[in-house]
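Heads up: the structure comes next, in structure tokens.
Number of protein chains: 4
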Amino acid sequence: MLRYLTAGESHGKALLAIIEGLPAGIKLDGSEINILLERRQGGYGRGGRMSIEKDEVEFISGLRSSYTLGSPLGLLIKNRDWENWQTAMDPLDPVIDMSKRVARPRPGHADLPGGIKYGHKDMRNILERASARETAARVAVGAVAKELLKALGIRVQGHVFRIGGIEADSPPKIYDEKIYDNPFYCSDPRVRDQMKLVVDTVKSSNDSIGGTIRVVAEGVPPGLGSHVHWDRRLDGRLAQAVMSIPGIKAVEFGMGLRSSIEPGSHIHDGISYSKEKGYYRERNNAGGLEGGITNGEPLVIRAAMKAIPTMIMPLQSVDIDTKEKMYAIVERSDICAVPAASIVGEAMVCWVLAEAVMEKFGGDRLEEIVENYHNYLQHVKEF
Amino acid sequence: MLRYLTAGESHGKALLAIIEGLPAGIKLDGSEINILLERRQGGYGRGGRMSIEKDEVEFISGLRSSYTLGSPLGLLIKNRDWENWQTAMDPLDPVIDMSKRVARPRPGHADLPGGIKYGHKDMRNILERASARETAARVAVGAVAKELLKALGIRVQGHVFRIGGIEADSPPKIYDEKIYDNPFYCSDPRVRDQMKLVVDTVKSSNDSIGGTIRVVAEGVPPGLGSHVHWDRRLDGRLAQAVMSIPGIKAVEFGMGLRSSIEPGSHIHDGISYSKEKGYYRERNNAGGLEGGITNGEPLVIRAAMKAIPTMIMPLQSVDIDTKEKMYAIVERSDICAVPAASIVGEAMVCWVLAEAVMEKFGGDRLEEIVENYHNYLQHVKEF
Amino acid sequence: MLRYLTAGESHGKALLAIIEGLPAGIKLDGSEINILLERRQGGYGRGGRMSIEKDEVEFISGLRSSYTLGSPLGLLIKNRDWENWQTAMDPLDPVIDMSKRVARPRPGHADLPGGIKYGHKDMRNILERASARETAARVAVGAVAKELLKALGIRVQGHVFRIGGIEADSPPKIYDEKIYDNPFYCSDPRVRDQMKLVVDTVKSSNDSIGGTIRVVAEGVPPGLGSHVHWDRRLDGRLAQAVMSIPGIKAVEFGMGLRSSIEPGSHIHDGISYSKEKGYYRERNNAGGLEGGITNGEPLVIRAAMKAIPTMIMPLQSVDIDTKEKMYAIVERSDICAVPAASIVGEAMVCWVLAEAVMEKFGGDRLEEIVENYHNYLQHVKEF
Amino acid sequence: MLRYLTAGESHGKALLAIIEGLPAGIKLDGSEINILLERRQGGYGRGGRMSIEKDEVEFISGLRSSYTLGSPLGLLIKNRDWENWQTAMDPLDPVIDMSKRVARPRPGHADLPGGIKYGHKDMRNILERASARETAARVAVGAVAKELLKALGIRVQGHVFRIGGIEADSPPKIYDEKIYDNPFYCSDPRVRDQMKLVVDTVKSSNDSIGGTIRVVAEGVPPGLGSHVHWDRRLDGRLAQAVMSIPGIKAVEFGMGLRSSIEPGSHIHDGISYSKEKGYYRERNNAGGLEGGITNGEPLVIRAAMKAIPTMIMPLQSVDIDTKEKMYAIVERSDICAVPAASIVGEAMVCWVLAEAVMEKFGGDRLEEIVENYHNYLQHVKEF
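Chains as they are written, first to last, in our numbering: chain C, 1 to 383; chain A, 384 to 766; chain B, 767 to 1149; chain V, 1150 to 1532.
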């Protein structure tokens, strides 16, 4: 059983993560994490904060001489803005700088429902944790999971599929990492200018815009997840993981929504066989999953992210002290965070696949897992 | 902690479910379950099996004189077709009627990936459990969860939103139960004829068709789920539950995909306040969830179901013995199962909400939960 | 992840169990379960009920032609006494035979704390589930786990170590199954007569007596459980499982309590090595566990069971209606249930080991698990 | 659901803990944690390390101005010895000081089984995490749980009951905190000198000694835990938590082992009632638990700790490179760690009770929990 917990407020001291259940023998030197942390901070349309901080992971435990020990991996990512916020966010100081108090909740955020739930009249106590900054810890965790998958030849990549109404015309596959050189993390060079135009236009009207991310996993063996119980279905588990990313409002696999419009004869991926490839499909409308189980084809997930609700143009709200109609507070904000979300989506998919791999192949040493894995691939071949 | 397990093959003796963690004092007489079981079996476009069986629940344990005891609730639903299948499916008999063997896996089903995973050269061993018949047990479980919710004034209802390309023009709300009198479980009377035409057309070409279900929950208090950790977010948990229904390929909340296309100023639901209603919204694009937490507005979930892959017109496959190209076997099949899926969707949403309610309000007696709930509603009012 | 739920009241229709997460390919024909069910019902000192019922398992699902499918295994054990109790225990009938009501709770049972917790003024609603009859379902589940372990060469056996003050003088090891021919399930023939005398004496004074069970597992590989996180330690998990058996008040591993009295130099099991055996120990004071991990030596657990609190000689209680001092009700009872408890202990140890095996070796087919297991044993040998 | 993870090696940078699921509004200023950390480091018979380090907690997240936010609480405890160990334990440096390598595993520790499991030929990779230093993180976590319990009037205290053969003659109850002024954490002043003599004698022979701890919880309401499913029984859950403490080999509740020797009429705690106290018992042989449920009497747990296996007088082992017979390495060591274990036991009991409280009473704000709790106490009173 692989599991993790994260902690940390957006303007607190640091983000923390503990990953428990990792096998021994995974090589990590921090660079694999830092690259993904940097990508998460990048992308066209980000606000001012991203230039303040350049996230870097510090290993606290579970690693020795660049190899995992099998004990819990402790990760820490400092918040570089902390010194500016200590007077408002100190864990212990009984006197707090109240100028940072939030009394006018922002629609579209956890501010109001979270404030009610936890009884916080200062909704900063909610937004500090509900902030998408929390996803930096997830990205670090996902980067570790990715290294485990890599040892089995499973590759995972997220990218941007659509910004507002501008959709890429590109097949769902793993791309050269150069796609992250462009600030849209988009594999289709022809639409990037249009995407830029959309974001610039939205920015000039103090508004925000969303889009769709796509995550693809190649080299996934058939047989991850299971049909035998609802909560073992990998599509469900992936859907939870991706839907839990802030701002995501829709998740699709493969042909997704369209497979509910076209007749069955157009949809299903006929089964073929060749000695070299074993069983395979000519097309992959199912997105790599049948009956909640991976079928050996690439996993393809799309997720739609709403336009970010923290806009410079504020939204209608209520002052919770006076109950008067007011504009919501405006917190430092992005115009478009879809590129960042594609990196978070990649991380979440890596995590779920790593969980599924550990369940299916067991093992406490990376070598043991790889050995069990190859035995299984042999079985697949002979089926 | 509320949890359940189900068991049962499609042509085995029976389906089973055990629900563990229910409070004492919920009134059940079976009718609330049987009505939903009947709805699940109904709907326009079902195949022949539905007339064979009329599901009825039998309580094995956990209930006395129509009230839950707090001990595990044991549910059993007999498969009325069992006697015809015993020679092929007997748990113990070493001699099995091999005429029911499945060697040509059906695309779009768990047959092949499940066969590989579990090493079954007779893929009947997979499809018997992967069959949507399993959802009858989920519906029974969801019906129990629904009674718990009812005691708190939370109402949940699933209905059909779209069949193929025919979409209802009806707001997301709880409808009179009369909508189940029409075999499309659709609240918009104007489109039912068109839906019938779609299904009939598809049927005449031996094809199948999918659609979209919508589940709405009203009376949900603000504060279920949480932003504090990714796996507590209620949108993620609901997405898993609904995506795990066989055939579902996309899940959306509220405005869903469209909220990723329009600018932020069009999307977010401004916050208002009145003495009578407390905090409320003029519109509900978020679908009742902000930051992974319910916000007091109705919960609105849509899910797209692909066209059923078991068609009379068979799909390309491979004989796993000879590896020759063959048509897939044809198992008894529906043309369209979207109405049934709406009932399963309702059940899964009931379950997740019941889990969230038990986490938030604790308690071992229904009265205790209701009391804790009302204290919380008082807090909400005073916030 | 292997998991199970049980359900069923002592005088209800039946006991149920669902086991989820089993690999495909385990051979079961019911006899392996029924033998253990019979042993659980036997033993010297049992009350009248045991002659009424002879438990037999019925497979509802998850099994075909005597092999597990990988889908949830559904087990049902009928309560043969049901027809005599239906008027008092019917799940649905609104009119209940109130002569069976329990208003004078029995000390030492869940009656009173359970009645308060669940708000049952008729404490039959508690004792029906708190009854040790529930352990029949656990024994059935454990018998299935035992078959999985058997395929890896891991053998588990429970027996009686002590009744009252009479302790067997026998080493902790797996005995010939003939020990169950004597009604004390005790491997030391010299003390059986004394045990009989103790039970007979206690019986003649309408009293009850407890004792100690011992469960031994041989063929356990080193490396099950882990030191890396508190809840992965196998000693803790075994302790929970065994302590959860009704009546158990103490659990010990290996030398147990005595290892806290003698100095360290007397306790620890020096490490030796030979080409044939690999690493081994000359003695096994640790009971097969070091640092929460199995060390390759036999697992040895002892658990002390209190004297059963349902005695013919009743205990002081209170009538919960009038609050007057009264004797507790007397429910049908055993004099000594230690032999039965040894079978339940065996079942719980089998379960925990099966969980640990599935975590360590993964796999969905029994063959795959065995293959992964043998690869691991090779690694152990080469270490 | 309350949960936590810890991380950290004994000579690594720091210990970490993340507690997830805490309500908002618990007051923490660090002193409540630091006092328990200091007690854990104290006690007669500790080795040299304890003087090096004085543990202090640092709050990384989840706390603002001394109140919990409801978000994950991140705790960090620096290892003050880190600078001396960095060359041997650096997470990243590919060149490691190999003089600290462990190739001769210590009997009684995780060294050998852990080395085999995780494939570490340098068993320092095991012992660094298996070290009891890990319990410092548990103590910090338990101290937080204790504050939650305190708000409900539940008090928990661990103390030393026995060292070697010297047993205190003191009733199981909460003592004045002054008992920690004596280095045996023992409430019976008459035996402390004898305990000192035992430890000094053992020390002079380079040996080690164990003993028994006792943890008592007062103010525990009836109704925590449940009889309805084996894994809900609170005795089982407490047994796991306490047995998971390094060195613990036996766990008992109330009268424990002795209740398996004496006849039933001597054991069970008759039920009484008075208007002032409600239901109560004249004695508490059950240790506060019946049927796996708290019964309102004090919870009483004893746990026996073996003599520490890291002795100055080394034990027989094998060099894993040469397979030759050798003495085990000698790592810095204590003579007797029973006083420290009593503090860890207290922490684990606090944790399990806090979990049980959150399950039974729900709630996200401390006030809400307290309110639900008082409503329940009213129900208890009226039963």
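A virtual CB, placed ideally from N, CA and C, is assigned to each residue, including glycine.
In this structure, V/V1487 and V/I1450 do not form a Cβ contact; the two beta carbons are roughly 15 Å apart against a cut-off of 8 Å. With respect to A/A737, A/L532 sits close: the two C-beta atoms are nearer than 8 Å. Across the region 928-951 of chain B, no CB contact with chain C closer than 8 Å is found for any residue. For C/V216, the three-state secondary structure derived from DSSP is strand.
Distances from the CA of V/E1296 to each of V/Y1334, V/T1459, V/E1205, V/D1178 were compared; the closest alpha carbon is that of V/D1178. Contacts with chain A at 8 Å (Cβ-Cβ) do not include V/Y1428. Looking at the DSSP output, C/A7 sits in a beta bridge with C/L16. Linking V/E1531 to C/L15 through their CA atoms gives a straight-line distance of about 48 Å. The beta carbon of C/K360 does not come within 8 Å of any beta carbon belonging to chain V, so the residue lies off that interface. At a cut-off of 8 Å, the C-beta of A/T389 has a neighbouring C-beta in chain B. The C-beta separation of V/G1436 from V/H1376 comes to about 16 Å, leaving the pair out of contact by the 8 Å criterion.
The alpha-carbon of A/I718 is positioned some 44 Å away from that of A/D747. Contact residues of the region 99-117 of chain C toward chain V are G114, K117 (C-beta to C-beta distance below 9 Å). Beta-carbon to beta-carbon, A/A690 and C/I35 are separated by about 41 Å, too far to satisfy the 8 Å threshold.
Taking the Cα of A/V701 as reference, the smallest distance to any Cα among C/D81, C/L197, C/G278 is reached at C/G278. Within chain A, the residues placing a beta-carbon under 7 Å from that of B/E775 are S444, S454, ordered along the chain. Chain-ordered, the chain B residues with CB closer than 8 Å to the CB of C/M1 read M767, E1125.
The C-beta distance from A/I401 to B/L771 rounds to 4 Å, short enough to fall under 8 Å. At least one CB atom of chain V sits nearer than 8 Å to the CB of B/E1028.
For the pair B/G808 and B/P949, the CB atoms are nearer than the 8 Å cut-off. Inclusion of B/V964 and B/I1014 in the CB contact set at 8 Å is not warranted, their separation being larger than that value. In the DSSP annotation of this structure, V/Y1334 is not part of any beta strand (DSSP E), being labelled neither H nor E. Proximity to A/M626 across C/V251, C/D188, C/V57, C/L366 peaks at C/V251, based on C-alpha coordinates. In the DSSP assignment, C/A304 falls within the beta strand (DSSP E) that extends over 299-305. DSSP places V/M1475 in the uninterrupted beta strand (DSSP E) bounded by 1474-1476. The criterion of a C-beta distance shorter than 8 Å is satisfied by V/Y1334 and V/V1309. Distance from the CA of B/L878 to the CA of V/L1218, rounded to the nearest whole angstrom, comes to 37 Å. Contact check for C/V216 against C/P298 passes: the beta carbons are separated by less than 8 Å.
Residues of chain A with a Cβ closer than 9 Å to the Cβ of V/G1512 are, in chain order, K743, F744, G745, N755, Y759.
Check the Cα spacing between B/L768 and each of B/V861, B/L788, B/E1028: the tightest is with B/L788.
Bounds of any beta strand (DSSP E) do not take in V/L1383; it lies within the alpha helix (DSSP H) bounded by 1383-1392. With a cutoff of 8 Å on beta-carbon distance, B/M1021 and B/N1061 are scored as not near each other. For the region 886-916 of chain B, the set of residues with a beta-carbon nearer than 7 Å to any beta-carbon of chain A comprises H886, N891, R895, in chain order. For a Cβ distance threshold of 7 Å, residue set L878, P879 of chain B lies close to V/N1444, ordered along the chain. The continuous alpha helix (DSSP H) containing B/K912 extends over residues 900-916.
Ranked by Cα distance from C/R124, the options C/A137, C/A110, C/T135 are led by C/A110.
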